[in-house]
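In this note's numbering, the protein residues as written are -2 to 238. Beta carbons: idealized from backbone N, C-alpha and C, even for Gly. Here the structure is a predicted model, which means the values were calculated and not measured.
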Ligand SMILES: C[S@@+](CC[C@H](N)C(=O)[O-])C[C@H]1O[C@@H](n2cnc3c(N)ncnc32)[C@H](O)[C@@H]1O
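Here's what the structure looks like:
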């Protein structure tokens, strides 16, 4: 019988910032594949728990693509042996973490999986350094980029994923303004209502259509994600393994 792979965010390194859910799946895991960013403190904790752990972080002899291929193959091999595999990644697995690529590989190989969010360094690290990312009168935008890809730093504000908090009531205006700024009207949009709770619902549309969908349906607290990654999320969600 095939096992299952949990793609789990470990948070920024402090074991106390692991989520309860992450800890729960770590406890039931047969084997844990972890990266360098997971950090020494969590690694020590896993050892104290007597877990079978395999370091899959960077080795000097491997290139990035080769390393990722080896991790993908190892996850599938272990799951096919019937094991519960935790793939533990620093921060959140879907924030500059190649978690999406791993999910795509699991889907291609028909391996059951779950994704467990982690506290991203994007949020946790500035807060632990007592730097508020938003502050009334100082900043109402958080712009997260990767230092690996600076060719288009100006355009990335418009090309990257945009997350809007507190935007439900003004969604039509937000979409209109983004189209005026040059975004493709067909850009995919997801509105996630009651995120992570039992009554979570995700509504899909694009910059032209989502306003009406939200006005008709969304009553609870909601967060808006705008960008091509929404299509990827839709694909991940449609696979029930
Ligand atoms: C490949 S990215 C992975 C990000 C991760 N998935 C997340 O959500 O935090 C690695 C980068 O995250 C940042 N980072 C992660 N953990 C950190 C920490 N504890 N302190 C400072 N920066 C950290 C650093 O900029 C590091 O180069």
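To which residues does DSSP link residue 28 through a beta bridge?
-> In the DSSP output, where bridge partners are listed per residue, residue 28 has 82.
For residue 35, which three-state DSSP category applies?
-> DSSP places residue 35 in helix when its eight states are reduced to three.
To the nearest angstrom, report how far apart residue 86 and residue 32 are at their CA atoms.
-> Going by the C-alpha atoms only, they are around 6 Å apart.
Compute the Euclidean distance between the alpha carbons of residue 101 and residue 4, then round it to the nearest angstrom.
-> C-alpha of residue 101 to C-alpha of residue 4: approximately 12 Å in a straight line.
Uninterrupted alpha helix (DSSP H) stretches inside the stretch 116 to 159 (no shorter than 4 residues) = Runs found: 118 to 125, 153 to 156.
Please report the Cβ distance between residue 6 and residue 97, rounded to the nearest whole angstrom; I am assuming they are in contact, meaning their Cβ atoms lie under 8 Å.
-> Not a contact, Cβ separation roughly 13 Å.
Can you tell me whether DSSP reads residue 15 as helix, strand or coil?
-> Coil.
From the DSSP output, in three-state form, read off residue 162 for me.
-> Three-state result, residue 162: strand.
So who's on the other strand from residue 202, going by DSSP bridges?
-> Paired residues: 186.
Measure the alpha-carbon distance for residue 259 versus residue 84 and round it to whole angstroms.
-> This structure cannot settle anything about residue 259, because the visible part of the chain is limited to -2 through 238.
Span of the alpha helix (DSSP H), counted from its first residue to its last, around residue 58 = From DSSP, residue 58 is part of no alpha helix (DSSP H); its letter is neither H nor E.
Does any CB atom of chain D fall closer than 9 Å to the CB of residue 187?
-> No chain D is part of this structure, which consists of one protein chain only.
Pick helix, strand or coil for residue 112, following the three-state DSSP scheme.
-> Judged by DSSP in its simplified three-state form, residue 112 adopts strand.
May I ask you to check if the CB of residue 55 is nearer than 8 Å to at least one heavy atom of ligand 1?
-> Not a single heavy atom of ligand 1 lies less than 8 Å from the C-beta of residue 55.
Leaving out five residues on either side along the sequence, give the residues of the same chain with a beta carbon under 6 Å from the beta carbon of residue 212.
-> Cβ contact annotation for residue 212 (same chain, cutoff 6 Å, sequence separation greater than five): none.
Would you say residue 89 touches ligand 1, meaning its beta carbon is less than 8 Å from a heavy atom?
-> The answer is yes for residue 89.
Should residue 227 be listed as close to ligand 2, given that the test is whether its C-beta is under 8 Å from any heavy atom?
-> Among the ligands present in this structure, namely ligand 1, ligand 2 is not found.
Proximity of residue 64 and residue 53 at Cβ, strictly below 9 Å = Yes, they are a contact pair.
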